[in-house]
Each structure stands twice: as C-alpha cells, then as structure tokens.
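Engineer:
There are 2 protein chains.
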Amino acid sequence: MEKIKPRTLSGFMELLPGPQAQMDAVMRVLRETYELYGFTALDTPAVESAQVLLAKGGGETEKQIYRFSKGDTDLALRFDLTVPLAKYVAMNYGQLAFPFRRYQIGKVYRGERAQRGRFREFYQADIDVIGDGALDIANDAEMPAVICEALRRLGIERFCIRMNDRKILNGLFALLGVGEQAAAVLGAVDKLEKIGREKVAAILTELGMGPDKADQLLDILTSADPMATLDALAGKNETLDAGLAELRAVTALLPGLGVPDHAWRVDLTIARGLDYYTGMVYETQLLDYPEVGSICSGGRYDDLAGYYTSQKLPGVGLSIGVTRLFYILQEQGLLNEELPTAPCDALIIPLGEDMDWAVRCAAALRAEGVRTQVYAERKKVKAKFAYADKLAVPYAAVVGGDEAASGTVGLKDLRTGQQVTVTPAEAAAIILKSKARLVKPVKGS
Amino acid sequence: MEKIKPRTLSGFMELLPGPQAQMDAVMRVLRETYELYGFTALDTPAVESAQVLLAKGGGETEKQIYRFSKGDTDLALRFDLTVPLAKYVAMNYGQLAFPFRRYQIGKVYRGERAQRGRFREFYQADIDVIGDGALDIANDAEMPAVICEALRRLGIERFCIRMNDRKILNGLFALLGVGEQAAAVLGAVDKLEKIGREKVAAILTELGMGPDKADQLLDILTSADPMATLDALAGKNETLDAGLAELRAVTALLPGLGVPDHAWRVDLTIARGLDYYTGMVYETQLLDYPEVGSICSGGRYDDLAGYYTSQKLPGVGLSIGVTRLFYILQEQGLLNEELPTAPCDALIIPLGEDMDWAVRCAAALRAEGVRTQVYAERKKVKAKFAYADKLAVPYAAVVGGDEAASGTVGLKDLRTGQQVTVTPAEAAAIILKSKARLVKPVKGS
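Protein chains in written order, with the working numbering: chain A, 1197 to 1641; chain B, 1197 to 1641.
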C-alpha cells in the first residue's frame, strides 16, 4: 500500500509525551490559580457563525481568520476567547449573576505567517470580570494579583507587571492639544519601547504635534517618578484626574492582595494596541527575557458586547498566551527537568507468564491512588526494566511465583536501586510517601 | 449601532456555568481514571492536513468532515482522535516507548444532520495501548477495568460491559461457509439488537445463506450460555479457537482487575461496525437506558497506522463520547444536584467602602487554598447576599470597620445561617473542613 507521509501542520504545536506532561502542569497551575480567585470555568465552541465572530470586523482579524462553509452555513474558527465571551454574556444575560467572573482555557486560531515561535493554533487562558452597568475598580486591582500568583506557582520569580491607565494618556493628549490624532498618537506611544524615543518623536511630529509638545509628552511618559509627575498635573484635566484616581485605587490595594512591590510598576508608556481598552492596562515582562515581550496582558474595557446587545457590560480581564509562554520557557531552558513526566508511579513487572497476581497488585495499588501500569508483553526481564527506565518510572513492582505465593511484590526504587519485599498495601504507602516529597500538594485542593 | 443577534451554532454544546461545572467534574473523573491506569496525556491539533486525515477516506467520513482551505493548504477538522493518534505514532515512532499508552480528551467535529442529542462538536475521551509488532492480550483485559472504574467514579452503578471477539464471528462464518459475504454478514449481525432476529435472518438469506445456516448462526450468537456453546465448537476452526482463547484470557483476568461479575457479560452479537477491529470488541450499556445505545466502546485492531507507515502497530483502545454521555445524564436527570457548582468557597462581603481589610482577608483565605471572591460593587448589603445565594456560595465572610479593627471576619454559613466572628485563618480552617465533607478527596492525588 502506498503510504501517506504523516505530518503535523506548521504552526500547530504537538508535543512528545514528556513535554506534554510539562505543558499539562502549566495548564493545571493556571486552572488552579483562576479557580482560587473564584472564576467559573466556561467552554464555548471553537467553531462559531462567521457573522457572529466578525461582528466587529477589521483588518488583521479578517485576514487571519479561518473561515469556511459547511452546507450553506458560514463558519469560522474563533481567533480569541473575548468575542465568544461577549456573545455568551449577551445571549445568557438574564441567567448570569453579575459581576460575572469566568475563566476559559482553550485553543484559538490565527492564520498568521508561519515563523519560529508563532503559532496558528494556540491556547489562550483568559479571565474576565463582567459588570452589569458598572464594575468597581477593586476588580482591576485583582488582575495583577492573579498574574503574580500564577507566575509564582509556575516557579517564575523575575517578572514585572507594568500598568497604566488609558484615561491618563487620553487626558495628557487633551492637555497637549492632541485632538483628532489621539488614536494615532496612542499607537505611536505604544511603540516607544520597540522603536525608541527618537522615532516616536518623529512620528508625533508627522502627526502634527509641535516638537516641543512631543518632547513634553515623551518627558512625562518616561519620567522616573511617574506618579509624582502626574500629581503635578492634577486638576488640569478631568480625564487625567479620573485615570490617576483609578491608578491610585489599584496600586493602594496591591499590598493587601499580596502583590510585592518589586513585582509591579507604573509605566505610562504602556498603551496596549487594542482599541477597546478604556481604563487600566497591564503588561507583564520576564525581567531576564525582555525581548519576548509581554507574556500576560489585559485591561479594562467599557463595553464588552456592544455588537450584540444594548446592555452596558464593562469588564476587566487578562489573557495568557499559554502555547507561546510554554514555547518560551522551553526555548530558554526554564522548564524544570526534575518535574516527573512518567505516565505512572509504578510499573508492575511480571517475571513469568501468570498475570493474575500482577493484575491483582495493580488493582491494589490503584485502589490507593497509585498510578499503575502492568507490563504485560512477553519480553526478557532486562527489556522490561529498560522500558521502565525509558519512561522514567520511579518504582518497579516485580512479581514472580514466590511473590504470588506469599502475597507480596519486590518493590524496587529505580532511582536508588534499592529493593524490598512488601505487600501491595505497603508498596502503595512507600510510593505515595515518595510522591508526596516530589510534588508539593496545593493546600485545600 | 445595529446589533448582531448573538447565537451559538446548532449541534454545538455551550453550557451555563452550573452545568459546565458538572461537565468539568465528568472530565476530571475521566482524566484521573485514565492517569490511574498509567496512560500519558496527548494533545494533538484539532486542525490537520486533509490529506493526512482522509488517508483512509470512505463515505460517511468524507461527507461529514469539515474541510476547508487557507491559502493553498487543504485542511480539515479532526473527526476522531484515532486518526491523529495513528499519525502521531507513525511520525514519532523512534521516540516513543512501546507499549505506548496514551489518553486524549479533546473536541472532534462531524457535520451530521442536526437533531436532538446529536452534536457536531463533541468531546471524545480515548485511551489506546499501542504495541510495536505485538501486544499482549492482558492489555485487552484492562479495557473493561478502566470502563468500570470510570463509571463507578462517575457514580454510575447500573451498567453492563458486553464483550466479544471478532475472531469468533469470523471463525463461525468460515465454519458455516460464509465466504466473500463475511463483511456484509458481520454488518447484519451488528444490527441484531436494533432490528431483531427475523429481519437479520432475512438479510442473511438475501446474502445467500441458506435459512438453516442463518438459523444455526443466530442460535449460536444468541445462546444463553455462549461460552458453553462455543466450547462445543472448539477444534473445528482455528480462527474460532484463537478468538475463544482470547476471550478466555480476558475474562480470566477480570476478577483480579476488580471488575465484578455483574458488570460484564459475553455477548456474541456485538460486532462493532468499524472495519478495523480484529479481536476483542466492547460495548457498554446503561441498564436502565438501553435505548441510548453504547456509551463506551472499543476493541482490538491489528494495524493502527498502515496508511502512514509499514511498522506493524497493533493496539487496543476505547472511546467515550463525553458530550453525548453528559447530555444523556442531564436528560435522564442523573446528574447530582448536590454537586457544588459555586465558583468560590467564600464570598468576602465588605460592609463599607474600605476594601483594604477585605482584600487582605481574601489573600489570607486563598493562601490556605480557599477559593475566594471579593464582592466589590457598591450595592446594598442585601444585594450582596442575594448574589451569594444566586451562585450558591457556601460561606460569606462579612467585613466592616469592627472586623478590620479587630482583625476578624463575620463568617456566615449560608446553608445554615449561623455566623461566627473568627480570624481569617480560623475561617479558612472552618471552610476547608466543610469542603472536605462535601467532596471526597481521591487518595494520593
């Protein structure tokens, strides 16, 4: 028979079992963190009506979206989790309790140009808090707390959450007489870190700002003590004042929420490109890898679902690009090789052909919660141990005629080579005790 | 602005938060069960090259598949998890340890005619054990054990795993002189339960079997004591003998694996429509709802990845259609309403405007593993408690000026109405103790 070459599409992550176990550990941490903060899980379809997904429309989205027909239905794969959330909240408005706090971890699709580290199918892990008409600023303060907790649980210590308020930028633009060009100016400011002050100043001048005004704006935005700089401008513009009040309210709550001072800073150059942010905005950088950009971003928006409903639904949220984050951790060698990736805690190795005692031992270990596999193939004993080694299984439970007769197993710690003859129940206790040392249980879960 | 009607496509399940929490509980049980049996997690893309997915081709698949182009790439959404597994094992053959035991829980897509209880996007939860050249029959015996464990953990007690061996059917066909029509006869036998003995007999006669032979076949297949009936035929056909030996080997191991006698039976009418099964086959019925058909099926195949590789890769596996199973459980009212679906264990209710002590209490509870939300909106206290009620949160932690001054919270059990003034640490202990009573922890996890 002619063979078809097995291949996985470029831009679609597919991992070997070891790295997959690490990826699953990352997902588990995010799930646990989001649940700890009282977010409810949601799971919306990956396929939606193209009309619904493209309600907002717009350049990049239209270009990158996977859109297709089935019968006479115009379909598309979701490109983020925010639009499906907007649809969901608009559809189910009457049945939800507000503030509605949901998390969703799911695959999204963007047909971007293929390049290293860019994915066309990738996981996003989002949280959002949606208010009905209004939403207190204290919700915004929780976002850095969640980021901090998630990264800490992932073992990432050296990061910085940078935050700003879009109202501050808008207020400054108004003060400096930037009128209709505000959106373009915002876009330029957002590029400050990428292209440098000089080039941004040039763009601002092109946009019609006088060189003095441009300099003044950039001086404020890059000030060493942004809060003091802003204080000096207090009372001059209402929008600026409102933004400053929000930023103060958020930062005042951070110590109580357990976010240490070194984990965040106010950075007035953060704008977030997306045009729906209207208040607080967040970006998160790995201090040792600034070149990878923000690994977790988000902010406050006024109107989640304006395309679907006239209900006013303000919200605040954040999104982690999990596939990309995992790729970066892997590329930078930051994943802990010590993390157990074996599919089981114990491999039962039968010495003879009789399988009955082997499967009874497996059942006994499993009943105690030990992840157990029986090696059932008729291979030489050496091959059976080689299999355990290849999978990095911590324990082998050897069972032959003697063990069957005496109701025991030969439990071998494959990391130390030590072997003891014990009952299956004793074996389970030994394995679980060792497991407890390897993986620190999260309290209360 | 003109609004677009928010809607979810027909045949795509999307749940409200409460049912979603129940669905997640089902998924968690399946994941834990599969891991307990030493299966490693896999996550392949939902989108693959159409050429790779359709290697086998064939009528229903081609008709139902979601296929589309992006640029000049011919793509399709996966319609099961078996073809992606075949591709994966063929691609990564040199890097996997065999037997390769993987589980995958993921969405698959079939553009079926929309009807109640039929889904176009649905979760499958599959396990497979893949051998390199050969695979011991003991692996087949584990399949009913996994089904049994999963259903038991889901709280489903009244089910029956029906099993057969395709070699027995093939042997019987050979004995009765069914030659080239074997596949068609198999198809007819597979319908026995659905259309009844008479109609199957008519089909068999149409296929060229004499009425006596057809009767003889159907007598054997529906015999009250199939093993005894088969024993009487031992030695007459090699294929039949091989099938009988496999069935005996599997059933002999079931008691040791902890599968109780009442949970399974040999049923020679089980054939499984799919033409790639070559040995043991399994179906699982809910005893009280036989009309919903098999909720978990699988079997042994000789050649997983013949379309991609000349490596001989026999395997045995099973698949649970989770979305459909959940739909059935929901429809039949079998889901436990007592299962907590609240997104948090405690809702912090601030009495005044000061949020500092409120967020400190939240941080303290979360540090102990209590899923905690702060209700930050400026509403009346009554509205805050109504919110807790709507979400069925078990505890409210009321914090006002007195509590902030004394470092306490007013912890109210919302199920009993009892309130105590305690420190956050004491509150956490009370909440976690109550939680332990509600959800029985799985040992060792």
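Cβ coordinates follow ideal geometry from the N, Cα and C atoms, glycine included.
None of these values were measured; they are calculated from a predicted model.
Leaving aside the five residues before and after A:Y1230 along the sequence, list all residues of the same chain whose C-beta is less than 6 Å from its C-beta, in chain order.
Structural biologist: Around A:Y1230: Y1299, I1323.
Engineer: Please report the distance separating the alpha-carbon of A:N1288 from that of B:V1566.
Structural biologist: Each residue's Cα considered, the two are about 28 Å apart.
Engineer: Leaving out the 5 sequence neighbours to the left and right, which residues in its chain are closer than 8 Å to B:V1342 when beta-carbon positions are compared?
Structural biologist: Excluding sequence neighbours, B:V1342 sits near T1229, Y1230, Y1233, I1323, L1514.
Engineer: By DSSP's criteria, B:R1263 is part of a beta bridge. Which residues make up the other side?
Structural biologist: In the DSSP output, where bridge partners are listed per residue, B:R1263 has B:A1272.
Engineer: Determine the contact status of B:D1499 and A:A1572, defining contact as a CB-CB distance below 8 Å.
Structural biologist: Against a cut-off of 8 Å, the Cβ pair of A:A1572 and B:D1499 comes out as no contact.
Engineer: Taking 8 Å as the cut-off, does the region 1416-1434 of chain B touch the region 1359-1368 of chain B (at least 3 CB pairs, one atom from each stretch)?
Structural biologist: Judged by Cβ distances under 8 Å, the region 1359-1368 of chain B makes contact with the region 1416-1434 of chain B, as three or more pairs qualify.
Engineer: For A:A1593, would you say it is in contact with chain B, using Cβ-to-Cβ distances shorter than 8 Å as the test?
Structural biologist: No, because no Cβ of chain B sits closer than 8 Å to the Cβ of A:A1593.
Engineer: How would you list, in chain order, the residues of chain B whose beta-carbon sits under 9 Å from the beta-carbon of A:F1522?
Structural biologist: Within chain B, no residue comes near A:F1522; the closest Cβ sits about 11 Å away, beyond 9 Å.
Engineer: Distance check for B:A1242 and A:A1272, CA to CA, integer angstroms please.
Structural biologist: Those two C-alpha atoms are separated by around 14 Å.
Engineer: When you compare the CB of B:F1235 with every CB in chain A, is at least one pair closer than 8 Å?
Structural biologist: True, the Cβ-Cβ gap to chain A drops below 8 Å.
Engineer: Counting pairs of beta carbons, one from the region 1383-1398 of chain A and one from the region 1410-1429 of chain A, are three or more of them closer than 8 Å?
Structural biologist: The region 1383-1398 of chain A is in contact with the region 1410-1429 of chain A.
Engineer: Does A:T1612 come out as helix, strand or coil in the three-state DSSP assignment?
Structural biologist: Note: A:T1612 maps to coil in three-state DSSP.
Engineer: Between the region 1223-1255 of chain B and chain A, which residues of the former have a C-beta closer than 8 Å to a C-beta of the latter?
Structural biologist: For the region 1223-1255 of chain B, which is checked against every Cβ of chain A, the residues closer than 8 Å are E1231, L1232, Y1233, G1234, F1235, T1236, A1237, L1238, D1239, T1240, P1241, A1242, V1243, E1244, S1245, Q1247, V1248, A1251.
Engineer: Pairs of beta-carbons, one from the region 1247-1261 of chain A and one from the region 1249-1256 of chain B, closer than 8 Å: are there three or more?
Structural biologist: Contact between the region 1247-1261 of chain A and the region 1249-1256 of chain B is absent, because fewer than three Cβ pairs lie under 8 Å.
Engineer: Note down, in chain order, each residue of its chain lying with its Cβ closer than 7 Å to the Cβ of A:V1555, except the 5 sequence neighbours on either side.
Structural biologist: Excluding positions up to five away in sequence, the list reads V1570.
Engineer: On the premise that B:T1236 lies in contact with B:A1306, defined as a C-beta separation below 8 Å, what is that separation, rounded to the nearest angstrom?
Structural biologist: Correcting the residue type first, residue 1306 of chain B is Arg in the shown sequence and not Ala. About 26 Å; that fails the 8 Å criterion.
Engineer: Is DSSP giving A:T1229 helix, strand or coil here?
Structural biologist: Three-state result, A:T1229: helix.
Engineer: Quick check on B:S1602 - is its C-beta less than 8 Å from some C-beta in chain A?
Structural biologist: Chain A contact via Cβ: absent.
Engineer: Roughly how many angstroms separate the alpha carbons of A:L1436 and A:R1362, rounded to a whole number?
Structural biologist: So the two alpha carbons sit approximately 9 Å from each other.
Engineer: The alpha helix (DSSP H) that contains A:G1373, what's its start and end?
Structural biologist: It is not in any alpha helix (DSSP H) - A:G1373 carries neither H nor E in the DSSP assignment.
Engineer: Please classify A:M1209: does DSSP put it in a helix, a strand, or coil?
Structural biologist: Reduced to three states, the DSSP call for A:M1209 is coil.
Engineer: As a quick exercise: from B:R1611, B:E1210, B:T1604, B:Q1614, pick the residue whose alpha carbon is nearest that of B:A1624.
Structural biologist: Comparing Cα-Cα distances from B:A1624 to each of B:R1611, B:E1210, B:T1604, B:Q1614, the minimum goes to B:T1604.
Engineer: Looking only at its own chain, which residues have a Cβ that is under 6 Å from the Cβ of A:A1445, when we skip the five neighbours before and after it?
Structural biologist: Same-chain partners within the cutoff: I1333.
Engineer: What whole-angstrom Cβ distance do A:E1599 and A:W1553 have, given they're in contact under 8 Å?
Structural biologist: Yes, they are in contact, since the Cβ atoms of A:E1599 and A:W1553 sit about 7 Å apart, within 8 Å.
Engineer: For B:Y1472, which residues in chain A fall below 8 Å Cβ to Cβ?
Structural biologist: What B:Y1472 touches in chain A: nothing, since even the nearest Cβ is about 14 Å away.
Engineer: Throw me the rounded Cβ distance for the B:Q1377 and B:E1308 pair, which I believe falls under 8 Å.
Structural biologist: About 29 Å separates the two Cβ atoms, so there is no contact after all.
Engineer: Does A:V1635 come out as helix, strand or coil in the three-state DSSP assignment?
Structural biologist: Confidence at A:V1635 is low in this model, with a pLDDT of 43, below 50, so its placement is unreliable and the value that follows should be read with caution. Coil.
Engineer: In the structure shown, what three-state DSSP assignment does A:D1457 receive?
Structural biologist: Note: A:D1457 maps to helix in three-state DSSP.
Engineer: Below 7 Å on C-beta distance, what does A:E1291 contact in chain B?
Structural biologist: Correcting the residue type first, residue 1291 of chain A is Gln in the shown sequence and not Glu. Residues of chain B passing the Cβ test: L1212.
Engineer: Say whether the region 1516-1532 of chain A touches the region 1210-1222 of chain A, bearing in mind that this needs 3 or more beta-carbon pairs closer than 8 Å, one atom from each stretch.
Structural biologist: Yes, the region 1516-1532 of chain A touches the region 1210-1222 of chain A.
Engineer: Roughly how many angstroms lie between the CA atoms of A:C1356 and B:L1530, to the nearest whole one?
Structural biologist: Looking at the two C-alpha atoms, the distance is approximately 48 Å.
Engineer: Entirely within the region 1289-1354 of chain A and at least 4 residues each: give me those alpha helix (DSSP H) ranges in chain order.
Structural biologist: With a minimum length of 4 residues, the continuous alpha helix (DSSP H) runs that stay inside the region 1289-1354 of chain A are 1334-1350.
Engineer: Under the rule that 16 or more other beta-carbon atoms within 10 Å means buried, what is A:M1339, buried or exposed?
Structural biologist: Flag for A:M1339 reads buried.
Engineer: Against chain A, with Cβ distances strictly below 8 Å, would B:T1612 count as a contact?
Structural biologist: So, not an interface residue.
Engineer: State the beta-bridge partners of A:P1546 as determined by DSSP.
Structural biologist: Bridge partners of A:P1546: A:V1595.
Engineer: Grab the span of the alpha helix (DSSP H) containing A:T1519 for me, first residue to last.
Structural biologist: Note, A:T1519: alpha helix (DSSP H), 1518-1527.
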